[in-house]
Amino acid sequence: MLATVTAEKNAYQVALENFELAANALELDDNVRAMIKYPERVLEVAVPVRMDTGRIVRYQGCRVQHNTARGPAKGGIRFHPNVTVDEVKALATWMTWKCAVVNIPFGGGKGGVTCSPKEMSIGEIERLTRRYTSAILPLIGPDQDIPAPDVYTTPQIMAWIMDTYSMTKGYPIPGVVTGKPVGLGGSLGRNEATGRGVFYTIGSSCEHLGIPLKGARVVVQGFGNAGSIAAHLLDSNQAYVIAVSDSRGCIFNHHGLDIPKVMMHKERTGTVVGFPGSEAITPEELLGLDCEILIPAALENAVTEENAHTVRARIVAEAANGPVTTEADRILDAKGVFLIPDILCNAGGVTVSYFEWVQDEQHLFWEAQDVYNRLERVMKTAFQEVLRIHLDRRTTMRTAANMLGVGRVADATKLRGLYP
Ligand code: NAD
Numbered sequence: 001m002l003a004t005v006t007a008e009k010n011a012y013q014v015a016l017e018n019f020e021l022a023a024n025a026l027e028l029d030d031n032v033r034a035m036i037k038y039p040e041r042v043l044e045v046a047v048p049v050r051m052d053t054g055r056i057v058r059y060q061g062c063r064v065q066h067n068t069a070r071g072p073a074k075g076g077i078r079f080h081p082n083v084t085v086d087e088v089k090a091l092a093t094w095m096t097w098k099c100a101v102v103n104i105p106f107g108g109g110k111g112g113v114t115c116s117p118k119e120m121s122i123g124e125i126e127r128l129t130r131r132y133t134s135a136i137l138p139l140i141g142p143d144q145d146i147p148a149p150d151v152y153t154t155p156q157i158m159a160w161i162m163d164t165y166s167m168t169k170g171y172p173i174p175g176v177v178t179g180k181p182v183g184l185g186g187s188l189g190r191n192e193a194t195g196r197g198v199f200y201t202i203g204s205s206c207e208h209l210g211i212p213l214k215g216a217r218v219v220v221q222g223f224g225n226a227g228s229i230a231a232h233l234l235d236s237n238q239a240y241v242i243a244v245s246d247s248r249g250c251i252f253n254h255h256g257l258d259i260p261k262v263m264m265h266k267e268r269t270g271t272v273v274g275f276p277g278s279e280a281i282t283p284e285e286l287l288g289l290d291c292e293i294l295i296p297a298a299l300e301n302a303v304t305e306e307n308a309h310t311v312r313a314r315i316v317a318e319a320a321n322g323p324v325t326t327e328a329d330r331i332l333d334a335k336g337v338f339l340i341p342d343i344l345c346n347a348g349g350v351t352v353s354y355f356e357w358v359q360d361e362q363h364l365f366w367e368a369q370d371v372y373n374r375l376e377r378v379m380k381t382a383f384q385e386v387l388r389i390h391l392d393r394r395t396t397m398r399t400a401a402n403m404l405g406v407g408r409v410a411d412a413t414k415l416r417g418l419y420p
């Protein structure tokens, strides 16, 4: 059984408990557990920033490298008022297993600054980013630790990180960070990578379960980057996206929504609400719609023990990180719902980040179709590997994914002789 976040239990404790569950299933010995359970490095930094008023505000930041047995640390930087060191440690831990699940040669890292970017000017955010980059400079680098965007950090912010780092060396080093604008060494296809990866794992799930994608009814909670791209690809492949939502509301049309037009409507108005020809429904109604595929693509803890029994989907695809709680996992499992766990389902983003890093290191850039083809191979291979463990070990898809990730890191640790 997997642990989940509650008021009493923080995300890091959950990450540690989930590690133990996978380690027990793998019968890992104590020496290996001791080597891979906890972060290798945790750097806490002060980030003083001169605000537009002239006042200096001291922000608190950190960078965590959880594990580098398989390669340099990789993981996003989060600018959010709720960032804590424990949250960043948890996210770094999950990155380690996620990179291992898709078998890319990276370890897990994560960083964050506790701040409210929505209340800051562009100039203040740039100064914060540059000061934070200087503060974590001893840890990052294309061969050491490669940051990326996360909540409230954008391609522009990645460009400032690249510039600040490069200034200390005296020449451009694009490989220090991924998720950059394409004009600065970013990869084609990075922006849509997570949604595309979600689409590939849904395709593989449908094949496994014998559900035709053509005509399948899809519901998407959270019509942002990951959710809207997945919806668009499913729509283009003749599935019916019957409902989508964002933080402002939910829309429904049982004949299927015209997704490109919903995207344009959101672009124009800032929300999916009010899309012509759609019916407004409540978030509770959206989760309980009769459909083949439900994609929670917004926030964590969206499907809980309170609402899991209303879910009628046959497949739940976790585009978001941690959208289904442990209790909900159990309820969905008992109902026979097929879950695509987050560390597999949304790993398309880090996979194309890896492709970006490879292109930067080689100074050789790929066409978009190359990126899509390689991403498809990676996601489909990872899906089959997780599915095999799920079937052979008669375990949930979530435990199977954790076993694959933890197992690969354990193997690398043993091969390197990194344990006594
Ligand atoms: P985003 O900000 O582009 O989109 C999030 C969407 O969710 C927005 O449309 C927002 O309005 C909506 N939303 C917020 N609260 C909601 C609610 N209560 N009900 C319905 N909708 C709500 O973010 P994103 O990049 O698409 O990320 C979404 C999730 O996917 C996050 O959990 C993120 O960690 C995860 N993820 C994203 C990536 C990536 O590359 N974008 C990679 C891995 C994981």
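With the first letter of the sequence shown counted as 1, position 264 gets the number 264 in my numbering; the numbers rise by one all the way through. Note that beta-carbon positions come from the ideal geometry of N, C-alpha and C, so glycine has one too.
- Task: Compare the C-alpha of Tyr354 against each of Leu213, Ala100 and Arg388 and name the closest.
- Result: Comparing Cα-Cα distances from Tyr354 to each of Leu213, Ala100 and Arg388, the minimum goes to Ala100.
- Query: With respect to the alpha helix (DSSP H) encompassing Tyr152, which residues constitute its N-terminal and C-terminal limits?
  - Reply: Judged by DSSP secondary structure, Tyr152 falls outside any alpha helix (DSSP H); it is assigned neither H nor E.
- Message: Please report the straight-line C-alpha distance between Asp143 and Glu17, rounded to a whole angstrom.
- Response: Rounded to whole angstroms, Asp143 to Glu17 spans 30 Å at the Cα level.
- Any chance the region 234-253 sits against the region 213-222, with 3 or more Cβ pairs inside 8 Å? Yes: the two stretches touch, three or more of their Cβ pairs being nearer than 8 Å.
- Message: Nearer than 7 Å: is that true of the beta carbon of Leu294 relative to any heavy atom of ligand 1?
- Response: It does not: the Cβ of Leu294 is nowhere closer than 7 Å to a heavy atom of ligand 1.
- How big is the Cα-Cα spacing for Glu292 and Gly215? If you take the alpha carbons of Glu292 and Gly215, they lie about 9 Å apart.
- Query: Under the criterion of a Cβ to heavy atom distance below 7 Å, does Gly224 qualify as lining ligand 1?
  - Reply: The answer is yes for Gly224.
- Query: From this set, Ala69, Gln60 and Glu44, which residue's C-alpha is nearest Leu139's C-alpha?
  - Reply: Nearest Cα to Leu139 within the set Ala69, Gln60 and Glu44: Glu44.
- Assigned secondary structure, Glu44 (DSSP; H/G/I helix, E/B strand, else coil): Strand, per DSSP.
- Task: Flag this pair as yes or no: are the beta carbons of Thr93 and Ala15 separated by less than 8 Å?
- Result: Their beta carbons are under 8 Å apart, which means Thr93 touches Ala15 by this criterion.
- Query: So the alpha helix (DSSP H) Thr395 belongs to, where does it begin and stop?
  - Reply: Neither: Thr395 is in no alpha helix (DSSP H) and is coded neither H nor E.
- Cβ of Pro155 versus every heavy atom of ligand 1: is any distance shorter than 7 Å? False, no ligand heavy atom lies under 7 Å from that Cβ.
- Message: Contact defined as beta carbons within less than 8 Å: I believe Gly423 pairs with Leu375. What is the distance between those atoms, to the nearest angstrom?
- Response: What is shown of the chain runs 1 to 420, which leaves residue 423 out entirely.
- Message: Do His80 and Val151 have their beta-carbon atoms positioned less than 8 Å apart in this structure?
- Response: Contact flag set, yes.
- Task: With a threshold of 7 Å, establish whether the CB of Thr351 neighbours any heavy atom of ligand 1.
- Result: Incorrect: Thr351 has no Cβ contact closer than 7 Å to ligand 1.
- Message: Going by the DSSP bridge assignment, what does Ala443 pair with across the sheet?
- Response: Examination of residue 443 is not possible in this model, given that the chain is present from 1 through 420 alone.
- Output the distance between the C-alpha atoms of Ala7 and Asn373, rounded to the nearest integer angstrom. With a pLDDT of 43 at Ala7, under the threshold of 50, the predicted position of this residue should be treated as unreliable, though the coordinate-derived value follows. Their Cα atoms are separated by approximately 42 Å.
- Contiguous alpha helix (DSSP H) assignments of at least 4 residues, all confined to the region 152-221: List check, alpha helix (DSSP H) in window: 155-169 and 193-209.
- Query: Quick one: is Val409 buried, meaning 16 or more other Cβ sit within 10 Å of its Cβ, or exposed?
  - Reply: That one is buried.
- Would you say the beta carbon of Leu139 comes nearer than 7 Å to a heavy atom of ligand 1? Checking the Cβ of Leu139 against ligand 1 gives no.
- Item | 3-residue-minimum beta strand (DSSP E) runs that sit fully inside the region 253-304, ordered along the chain | Runs found: 279-281 and 293-296.
- Task: May I ask you to list the residues that DSSP assigns as paired with Ser245?
- Result: For Ser245, which the question treats as bridged, DSSP gives the partners Gln221 and Cys250.
- Message: Measuring straight from C-alpha to C-alpha, what distance separates Ile251 and Thr194?
- Response: CA-CA distance, Ile251 to Thr194, rounds to 23 Å.
- Kindly indicate the opening and closing residues of the beta strand (DSSP E) around Phe338. From DSSP, the beta strand (DSSP E) with Phe338 extends over Phe338 to Ile340.
- Does the Cβ-Cβ distance between Ala317 and Thr201 come in under 8 Å? A Cβ-Cβ contact shorter than 8 Å links Ala317 with Thr201.
- Query: Can Ala34 be considered in contact with ligand 1, in the sense that its beta carbon sits closer than 7 Å to one or more heavy atoms?
  - Reply: Not one heavy atom of ligand 1 sits closer than 7 Å to the Cβ of Ala34.
- Closer than 7 Å by C-beta to Gly71: which residues in its own chain qualify, once you throw out the five before and the five after it? Chain order, please. Result list for Gly71: Pro105, Phe106 and Gly107, in chain order.
- Message: Is Ala320 near ligand 1 - that is, is its Cβ less than 7 Å away from at least one heavy atom of it?
- Response: True, at least one ligand heavy atom lies under 7 Å from that Cβ.
- Query: Going by the CB atoms, is the gap between Ser121 and Thr164 shorter than 8 Å?
  - Reply: No, these two residues do not count as a Cβ contact at 8 Å.
- Contacting residues, own chain, Cβ-Cβ under 6 Å from Ala226 (five flanking each side not counted): Within the same chain, and ignoring the five residues on either side of Ala226 in sequence, the residues whose Cβ sits closer than 6 Å to its Cβ are Thr194, Gly195, Ala297 and Ala319.
- Query: Can you tell me where the alpha helix (DSSP H) with Cys99 in it begins and where it stops?
  - Reply: Residues Val85 to Val101.
- Query: Can you tell me where the alpha helix (DSSP H) with Gly123 in it begins and where it stops?
  - Reply: Boundaries of the alpha helix (DSSP H) harbouring Gly123: Ile122 to Ile136, taken from the DSSP string.
- Item | Own chain residues within Cβ distance below 6 Å of Ala148, not counting five before or after | Only Gly76, Thr178, Gly179 and Ser353 meet the Cβ criterion.
- Query: Assuming Lys414 contacts Val32 under a Cβ cut-off of 8 Å, what Cβ separation, rounded to an integer in Å, is found between them?
  - Reply: The distance from the Cβ of Lys414 to that of Val32 is about 7 Å, consistent with a contact at the 8 Å cut-off.
- With a CB to CB cut of under 7 Å and the five nearest residues on each side skipped, what residues in its chain are close to His208? For His208, where only same-chain residues beyond five positions count, the Cβ hits under 7 Å are Leu387.
- Query: Could you give the residue range of the alpha helix (DSSP H) that holds Arg33?
  - Reply: First-last of the alpha helix (DSSP H) with Arg33: Asp30 to Ile36.
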